[in-house]
Amino acid sequence: MDLAFIPSPSRGVVDLGPIPLRGYAFCIIIGVFVAVWLGNKRWVARGGQSGTVADIAVWAVPFGLVGGRLYHVITDYQLYFSEGRDWVDAFKIWEGGLGIWGAIALGAVGAWIGCRRRGIPLPAWADALAPGIALAQAIGRWGNWFNQELYGKATDVPWALKITSAEDGRVPGTYHPTFLYESLWCVGVAVLVIWADRRFKLGHGRAFALYVASYCAGRAWIEYMRVDDAHHILGVRLNVWTAIVVFVLAVVYLVVSAKIRPGREEIVEPAAVASGEVDGDDASADEPAADKKEPAADKKEPAAEKKEPAEDAAESAEKS
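Read in numbering that gives the first Met the number 0, the sequence shown has 239 at position 240, and its numbers run on one by one without any break.
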């Protein structure tokens, strides 16, 4: 008898009149808003203009959704193109199925286009958005709970997830809630990136690289727990291999970037400087202090001038 477990929703859709509100889509939308909100705050703190993050997200989000869906369909093609399957389902993104690797890769292309249009460096924008992306993933993972998908091995722990659906090969029972594990891990990643960014003044894409590396470290062991169908290479799930490879690349970028381009960008958005809207920790705090020293230096000049009459008096006394 199960004394405690996490219940699954009986339905993943709530009908608001003729409009179906799907839990999966709702979680994705909330995650995007949180990422843009936090990214905007961090961008302004770095010296950028408010609204820039949202403007670039208009490019990044659609590209990311397409990339995430493409990765999922390509790596799980048997779900859509095998015998008895309908290939049209590949376009039903609301039913679940987004690969974070494809979402980040193609989303970066969209962000690059947006950054070029605004004349700002992509790495700086990515650094500002990094913890927000992690929080968006944490929220988005609850969409899997609505769909009763991507759970782990059978278990009877008190926090087990109870699956009630028997569709698409599911077997009702209690399983490890891997969606919850990844959600909590992503929250931890966001906290880590924010702390490290404040502590070490990460710049030139290193905050984003830290997010990627730390997420991959968690995704590897969480992926290993899952029991849904997946392609394997040398007996290991494809996404585990992807996490390992991307983790190594992110760590290499962190090390090499720190040596080639140490420190943090002084100016992230020239337009903000031109308009006088710079309001961040990268705005030069030394300049006002330097300006304040100049009046003090000027005050010394009158003192020097006061000595001149005294010198003239001394010279007159000598002559007399």
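Ideal Cβ placement from N, Cα and C applies to all residues, glycine included.
Task: DSSP three-state assignment for residue 172, whether helix, strand or coil - done: Looking at residue 172 - three-state DSSP - the assignment turns out to be strand.
Open item on the list: Let me confirm a value: residue 145 is counted as buried when at least 16 other C-beta atoms fall within 10 Å, else exposed. Which label applies?
Closed with: Residue 145 should be labelled buried.
Open item on the list: How far does the beta strand (DSSP E) with residue 201 in it extend, from its first residue to its last?
Closed with: In the DSSP assignment, residue 201 falls outside any beta strand (DSSP E) and carries neither an H nor an E.
- [ ] Give the straight-line distance between the Cα atoms of residue 192 and residue 129, rounded to the nearest whole angstrom.
- [x] For residue 192 and residue 129, the distance between alpha carbons rounds to 8 Å.
Task: Segment limits, beta strand (DSSP E) that includes residue 21 - done: For residue 21, the enclosing beta strand (DSSP E) begins and ends at 18-21.
Open item on the list: Using a 10 Å radius around the Cβ and a threshold of 16 neighbouring Cβ atoms, would you call residue 175 buried or exposed?
Closed with: It is buried - the Cβ of residue 175 has at least 16 other Cβ atoms within 10 Å.
- [ ] Output the distance between the C-alpha atoms of residue 200 and residue 77, rounded to the nearest integer angstrom.
- [x] A straight-line Cα-Cα distance of about 45 Å links residue 200 and residue 77.
Open item on the list: Checking 9 Å against the spacing of the C-beta atoms, do residue 204 and residue 69 come in under that value?
Closed with: No, the pair does not count as a contact, with Cβ atoms beyond the cut-off.
TODO: Kindly indicate which three-state DSSP category residue 231 falls into: helix, strand or coil?
DONE: Strand at residue 231.
Task: Buried or exposed by the 16-neighbour rule on C-beta atoms within 10 Å, applied to residue 290 - done: Below a pLDDT of 50, predicted positions are generally treated as unreliable, and residue 290, at 44, falls in that range; no measurement from the model is reported.
Open item on the list: Using only the alpha-carbon positions, how far apart do residue 12 and residue 152 sit?
Closed with: Those two C-alpha atoms are separated by around 26 Å.
Open item on the list: On the DSSP letters alone, give me the boundaries of the beta strand (DSSP E) that residue 258 sits inside.
Closed with: Where residue 258 is concerned, there is no enclosing beta strand (DSSP E), although the alpha helix (DSSP H) it sits in stretches over 237-259.
Task: Reduced DSSP category for residue 8 - H, G, I as helix; E, B as strand; rest coil - done: Residue 8 carries a coil assignment under DSSP once its states are collapsed to helix, strand and coil.
Open item on the list: For the structure I just gave you, are there three or more beta carbon pairs, one from the segment 49-68 and one from the segment 100-116, closer than 8 Å?
Closed with: Yes: the two stretches touch, three or more of their Cβ pairs being nearer than 8 Å.
Open item on the list: Can you confirm whether the segment 109-121 touches the segment 47-57 when touching is taken to mean that 3 or more C-beta pairs between the two stretches lie within less than 8 Å?
Closed with: Taking 8 Å as the limit for Cβ pairs, the verdict is that the segment 109-121 does touch the segment 47-57.
TODO: With a 10 Å radius around its C-beta and 16 neighbouring C-beta atoms as the bar for buried, classify residue 138 as buried or exposed.
DONE: Within 10 angstroms of the beta-carbon of residue 138 lie 16 or more other beta-carbons, which makes it buried.
Task: Bridge-paired residues (DSSP) for residue 117 - done: Answer is none; residue 117 lacks a bridge partner.
Open item on the list: On the criterion of 16 or more Cβ atoms from any shown chain inside 10 Å, does residue 168 qualify as buried, or is it exposed?
Closed with: It counts as exposed.
Open item on the list: Please return the same chain residues whose Cβ sits closer than 7 Å to the Cβ of residue 220, not counting the five positions on each side in sequence.
Closed with: Short of 7 Å from the beta carbon of residue 220, and not among the five residues preceding or following it, lies no beta carbon of its own chain.
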